[in-house]
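One structure is given here, and the rest of the page talks about it.
Number of protein chains: 2
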Amino acid sequence: MAKSAEEVVRNYCALWERQDVEAVVKAMTPDCIYQNVPVPAMHGRDEVRAFISKLLLTASKVEFVVHGLATAADGKTVYTERTDIFSLGDKKMEAPVMGVFVVRDGLIHEWRDYCDIATLVTQMKKLGFTPGTEIPS
Amino acid sequence: MAKSAEEVVRNYCALWERQDVEAVVKAMTPDCIYQNVPVPAMHGRDEVRAFISKLLLTASKVEFVVHGLATAADGKTVYTERTDIFSLGDKKMEAPVMGVFVVRDGLIHEWRDYCDIATLVTQMKKLGFTPGTEIPS
Numbered sequence: 008m009a010k011s012a013e014e015v016v017r018n019y020c021a022l023w024e025r026q027d028v029e030a031v032v033k034a035m036t037p038d039c040i041y042q043n044v045p046v047p048a049m050h051g052r053d054e055v056r057a058f059i060s061k062l063l064l065t066a067s068k069v070e071f072v073v074h075g076l077a078t079a080a081d082g083k084t085v086y087t088e089r090t091d092i093f094s095l096g097d098k099k100m101e102a103p104v105m106g107v108f109v110v111r112d113g114l115i116h117e118w119r120d121y122c123d124i125a126t127l128v129t130q131m132k133k134l135g136f137t138p139g140t141e142i143p144s
Numbered sequence: 008m009a010k011s012a013e014e015v016v017r018n019y020c021a022l023w024e025r026q027d028v029e030a031v032v033k034a035m036t037p038d039c040i041y042q043n044v045p046v047p048a049m050h051g052r053d054e055v056r057a058f059i060s061k062l063l064l065t066a067s068k069v070e071f072v073v074h075g076l077a078t079a080a081d082g083k084t085v086y087t088e089r090t091d092i093f094s095l096g097d098k099k100m101e102a103p104v105m106g107v108f109v110v111r112d113g114l115i116h117e118w119r120d121y122c123d124i125a126t127l128v129t130q131m132k133k134l135g136f137t138p139g140t141e142i143p144s
């Protein structure tokens, strides 16, 4: 039986926590659209890979804490409220975020995250990331 | 029959669009918690009224465009993806936002909105609002 959209999203978050870049990318459709609103969207797996690689490969631990989620009546759109935590040794970036995922054929097709970008950038700097290389603007 | 959580949230957004401050406040529980994450939360109707009054009374038009929404399995938590638009004559503030509402006894008990605060502040300035009076920090 096909996985529910909720299962697809939970599995996708688990791939982030495993820090498996290729698995994360392949869990998205080839024509995926990923946006940290209001930063312009990334299109396709290559742009996503370029954006997530350094972050995922450098972090010593990644956690997507899902506080709650709900699937829309269309059965394919999943809303989440999360805290995304990226650790680098004893330094931590904690981003309170809401995200909406649209699932197609068992893959993530659209993903829009909403959070306070300044909070994200400030915290990324603590981890030694340079905004502008990780966050396209 | 009691309204569904989705109906409560849609009605609540409609009250914002009617710019009816007292109706908005009374549609929330006396011990409501309203937060523009990561700005500290407001507690209770008086704090909410103080926060929303100038904005609602000054704007010439208010629109909460709901792009999509979903109710969690608990039947009381509603996730929304919206664009909130506040107009003042020909000036517009458009905030892309996700928000989660928790309904209790037909009233909004918790409301957390997630958006890029810098976008919000920049756009509020265009409308002549001074950040710090409208957004507690």
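In the order they appear, the protein sequences are chains H and G. Everything in the first sequence is counted per this note's numbering, starting at 8 for the first residue and increasing by one. Everything in the second sequence is counted per this note's numbering, starting at 8 for the first residue and increasing by one. For glycine and all other residues, C-beta sits at the position ideal for the given N, C-alpha and C.
What separation, rounded to the nearest whole angstrom, lies between the Cα atoms of residue i and residue j?
{"i": "D38/H", "j": "A30/H", "result": "16 Å"}
{"i": "P45/H", "j": "D123/G", "result": "7 Å"}
{"i": "V15/G", "j": "E88/G", "result": "16 Å"}
{"i": "V32/H", "j": "G106/G", "result": "27 Å"}
{"i": "I142/H", "j": "D91/H", "result": "With a pLDDT of 44 at I142/H, under the threshold of 50, the modelled position of this residue cannot be trusted; read the value that follows with caution. Approximately 15 Å between the Cα atoms of the pair."}
{"i": "W118/H", "j": "Q130/G", "result": "25 Å"}
{"i": "D120/G", "j": "L76/H", "result": "15 Å"}
{"i": "M49/G", "j": "I40/G", "result": "6 Å"}
{"i": "V109/H", "j": "H116/H", "result": "6 Å"}
{"i": "Y86/G", "j": "A79/G", "result": "8 Å"}
{"i": "A125/G", "j": "K99/G", "result": "16 Å"}
When you compare the CB positions of residue i and residue j, do they come within less than 8 Å of one another, or not?
{"i": "S94/G", "j": "K68/G", "result": "yes"}
{"i": "L114/G", "j": "T36/G", "result": "yes"}
{"i": "R111/G", "j": "K83/G", "result": "yes"}
{"i": "E13/H", "j": "E70/H", "result": "no"}
{"i": "Y19/G", "j": "A34/G", "result": "yes"}
{"i": "L127/H", "j": "A102/H", "result": "yes"}
{"i": "I59/G", "j": "V28/G", "result": "yes"}
For chain G, check one thing: does any of its Cβ atoms lie closer than 8 Å to the Cβ of residue i?
{"i": "M105/H", "result": "yes"}
{"i": "Y19/H", "result": "no"}
{"i": "P45/H", "result": "yes"}
{"i": "C122/H", "result": "yes"}
{"i": "Y41/H", "result": "no"}
{"i": "A12/H", "result": "no"}
{"i": "A79/H", "result": "yes"}
{"i": "E70/H", "result": "no"}
For residue i, which beta-bridge partners are listed by DSSP?
{"i": "K98/G", "result": "L95/G"}
{"i": "R89/G", "result": "V73/G, V104/G"}
{"i": "L114/G", "result": "R111/G"}
{"i": "D120/H", "result": "N43/H, G106/H"}
{"i": "K68/H", "result": "S94/H"}
{"i": "T78/H", "result": "V85/H"}
Counting only C-beta atoms, is residue i closer than 8 Å to chain H at any point?
{"i": "K82/G", "result": "According to the sequence as given, residue 82/G is Gly; it is not Lys. Output row for G82/G: interface = no."}
{"i": "L134/G", "result": "no"}
{"i": "T126/G", "result": "yes"}
Query raised in the report: For the segment 20-52 of chain H, which segments carrying the alpha helix (DSSP H) assignment without a break, of at least 4 residues, lie completely within its bounds, in sequence order?
Result: 28-33
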